[in-house]
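Undergrad: The structure that follows is given in the form of structure tokens.
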Amino acid sequence: MAEHAEHAPSAAPAYPVGLRLAGRRVVVLGAGQVAQRRLPALLAAGADVLLISPSATPSVEAMAEAGELRWERRRYREGDLEGAWYALITTDDDQANQTASAEAEARRVWAVRSDDAAAASAWTPATGRSEGVTVAVLTGQDPRRSAAVRDAIVEGLRDGSLTAPHYRARPGGVGRVALVGGGPGDPDLITVRGRRLLAEADVVIADRLGPRDLLDELPPHVQVIDAAKIPYGRFMAQEAINNALIEHARAGKAVVRLKGGDPYVFGRGMEEAQALAEQGIPCTVVPGISSSVSVPGAAGIPVTHRGVSHEFTVVSGHVPPDDPRSLVDWQALAALRGTLVLLMSVANIGAIAATLIRHGRSAGTPVAVIQEGTTAAQRRLDATLETVGERVAAEGIRPPAVIVIGDVVTVGPETGR
Ligand SMILES: C[S@@+](CC[C@H](N)C(=O)[O-])C[C@H]1O[C@@H](n2cnc3c(N)ncnc32)[C@H](O)[C@@H]1O
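Heads up: the sequence shown is residues 246 to 662, going by the numbering used here.
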């Protein structure tokens with residue numbers, strides 16, 4: 246009686262533990278859907294799996310054929326749990342399940358039962374993995390809730406909405422740097438990976454453009470540095486930023502260099518990646534949604550459209566067309582029929598438009614200027630190549646703005662303009 250009372254199913258919560266099963270015997274009784282779902286994790290843990298079942302699903306059969314487990318094609322017999330550390334009882338025979346359960350109890354083998362959780366000595370948690378973290382959730386006897394909680398945690402870890410910094414020192418004491426493309430400005434337009442790395446950062450060096458709102462969400466211990474304010478004295482501004490990245494990484498920090506749009510589209514991302522590589526500092530590059538396509542899109546302008554434009558060219562207009570430093574062939578661009586997307590061109594748009602007209606692009610070509618695209622302050626100005634210089638000045642358009650030149654500007658619904 247006392248023995249029975251000691252082992253009776255109770256409402257007490259389960260005690261969570263991580264079993265290290267490598268090389269240890271695990272006996273699986275039955276080879277249906279439950280076994281099929283559980284076996285991959287047991288095999289991944291290195292368990293020495295003995296499967297006992299007269300038949301198996303095709304995937305379980307494939308595991309046996311591949312030599313990943315030993316399969317005895319027969320029904321359960323008393324004594325099968327000898328030498329086992331752990332058992333999975335999943336047959337469709339109630340009597341066999343009960344006998345196996347009693348044998349497990351007698352041999353002190355922890356056993357999971359698919360037919361009667363309350364009668365089992367162990368429960369399988371809902372598990373998931375993200376970046377080396379195993380999440381295991383037990384809610385007593387509500388597996389759906391366990392799975393839902395697991396999904397919420399794993400999803401949160403993946404997208405960074407659940408903050409989980411790495412507290413253990415990184416190997417070799419050197420930190421890591423991620424060059425993260427933050428997208429055009431709307432905080433929802435950063436990638437899932439970028440957001441997660443941001444949530445794990447110790448130091449964030451941010452540009453003026455990009456999703457600045459995300460910086461407010463960072464916990465107080467995170468050091469946020471405005472890239473524009475890094476003092477550069479005898480260095481160029483870019484060198485000073487590179488040096489700051491190197492210095493924080495050498496201090497063992499997880500550093501995120503948060504950039505607007507994509508790091509490699511007029512973003513100097515490669516200069517930073519090269520500077521880090523020269524110092525042997527690991528660097529990950531996370532692509533971002535470039536303003537060159539997303540800002541026109543947010544304003545209702547497709548950069549290509551069937552029957553209208555089969556190409557789009559992204560150009561920096563940060564120096565005027567007649568400036569000897571310009572690497573742009575404006576004459577060749579004027580000869581193109583497709584869409585031109587200009588970045589960093591607000592100050593020079595008058596001169597650029599005049600140059601394009603002079604080289605043959607029609608003065609009536611539609612032009613749209615989108616300031617602060619994807620943010621609450623987004624505004625759009627419509628003009629033509631002939632009028633855009635004057636209109637931009639008259640309307641007080643300020644950077645950042647993307648300028649789209651071409652017939653795609655007028656294909657969207659009138660309401661977008
Ligand atoms: C130095 S470039 C960086 C571009 C960025 N790497 C990208 O892929 O979008 C900065 C220029 O991008 C454009 N830009 C970036 N974000 C913008 C936004 N939200 N709205 C309008 N233009 C934007 C402007 O032309 C700005 O002058």
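Beta carbons: idealized from backbone N, C-alpha and C, even for Gly.
Is there contact here, the region 571-580 with the region 631-644, by at least three beta-carbon pairs under 8 angstroms?
TA: The answer is no - the region 631-644 does not touch the region 571-580, with fewer than three Cβ pairs under 8 angstroms.
Undergrad: What residue ranges within the region 251-326 form continuous beta strand (DSSP E) runs of no fewer than 3 residues, ordered along the chain?
TA: Entirely contained in the region 251-326, the beta strand (DSSP E) runs reaching 3 residues are, in chain order, 270-274, 293-297 and 315-317.
Undergrad: Suppose the cutoff is 6 angstroms on Cβ atoms and the five residues either side in sequence are ignored; what does the same chain contact list for R390 look like?
TA: Numbered from its first residue, the sequence shown carries residue 390 at position 145. Cβ within range, chain order: T384.
Undergrad: Beta carbon of M589: closer than 8 angstroms to some heavy atom of ligand 1?
TA: The residue given as residue 589 occupies position 344 in the sequence shown. M589: yes, Cβ under 8 angstroms from ligand 1.
Undergrad: Under the DSSP definition of a beta bridge, which residues are partnered with Q468?
TA: Stepping through the sequence shown from its first residue, residue 468 is reached at position 223. Partner(s): V448.
Undergrad: Find the nearest neighbour of I526 within the set H555, I534, R513 and A496, judged by alpha-carbon distance.
TA: Taking the sequence shown and counting its residues from 1, the one referred to as residue 526 is at position 281. Comparing Cα positions, the closest option is A496.
Undergrad: If you scan the region 549-580 from start to end, which runs of the beta strand (DSSP E) of 3 or more residues do you find wholly inside it?
TA: Entirely contained in the region 549-580, the beta strand (DSSP E) runs reaching 3 residues are, in chain order, 557-561.
Undergrad: Give the DSSP bridge partners of Y331, in chain order.
TA: Locating residue 331 in the sequence shown gives position 86, counting from the first residue. V271 and W355, per the DSSP bridge assignment.
Undergrad: What residue does the alpha helix (DSSP H) around V394 start on, and which one ends it?
TA: Locating residue 394 in the sequence shown gives position 149, where the first residue counts as 1. V394 -> alpha helix (DSSP H) spans P388 to D404.
Undergrad: Under the criterion of a Cβ to heavy atom distance below 8 angstroms, does F511 qualify as lining ligand 1?
TA: Your numbering for residue 511 matches position 266 in the sequence shown. At least one heavy atom of ligand 1 is nearer than 8 angstroms to the Cβ of F511, so yes.
Undergrad: Just to confirm, does D507 get its C-beta within under 8 angstroms of one of the non-hydrogen atoms of ligand 1?
TA: Counting from 1 along the sequence shown, the entry for residue 507 is found at position 262. Yes, the Cβ of D507 comes within 8 angstroms of a heavy atom of ligand 1.
Undergrad: Which residues in the same chain as A259 place their Cβ atom closer than 7 angstroms to its Cβ, once the five residues preceding and following it in sequence are excluded?
TA: Taking the sequence shown and counting its residues from 1, one reaches residue 259 at position 14. The answer, listed in chain order, is W368 and L383.
Undergrad: Label G605 either buried or exposed according to how many other C-beta atoms from any shown protein chain fall within 10 Å of its C-beta, with 16 as the threshold for buried.
TA: The residue given as residue 605 occupies position 360 in the sequence shown. So G605 ends up on the exposed side.
Undergrad: Out of L578, P285, V378 and D627, state which residue places its alpha-carbon closest to the alpha-carbon of R403.
TA: The sequence position of residue 403 within the sequence shown is 158, counting from 1. Minimum Cα distance to R403 is reached at V378.
Undergrad: Could you check the C-alpha separation between V399 and L326 for me, to the nearest Å?
TA: One-based indexing of the sequence shown puts residue 399 at position 154. One-based indexing of the sequence shown puts residue 326 at position 81. Each residue's alpha carbon lies about 34 angstroms from the other.
Undergrad: Name, in chain order, the residues that DSSP records as bridge partners for L434.
TA: In the sequence shown, the residue the question calls residue 434 occupies position 189. Per DSSP, none; premise fails for L434.
Undergrad: Could you check the C-alpha separation between R315 and N487 for me, to the nearest Å?
TA: The sequence position of residue 315 within the sequence shown is 70, counting from 1. The sequence position of residue 487 within the sequence shown is 242, counting from 1. Approximately 56 angstroms, taken between the alpha carbons.
Undergrad: Give the C-beta separation of P541 and I615 to the nearest angstrom, bearing in mind that I take them to be a contact with Cβ-Cβ under 8 angstroms.
TA: Your numbering for residue 541 matches position 296 in the sequence shown. Your numbering for residue 615 matches position 370 in the sequence shown. Yes, they are in contact, since the Cβ atoms of P541 and I615 sit about 7 angstroms apart, within 8 angstroms.
Undergrad: Classify E659 as helix, strand or coil using the three-state DSSP reduction.
TA: Here residue 659 is taken as the residue at index 414 of the sequence shown, counted from 1. Helix, per DSSP.
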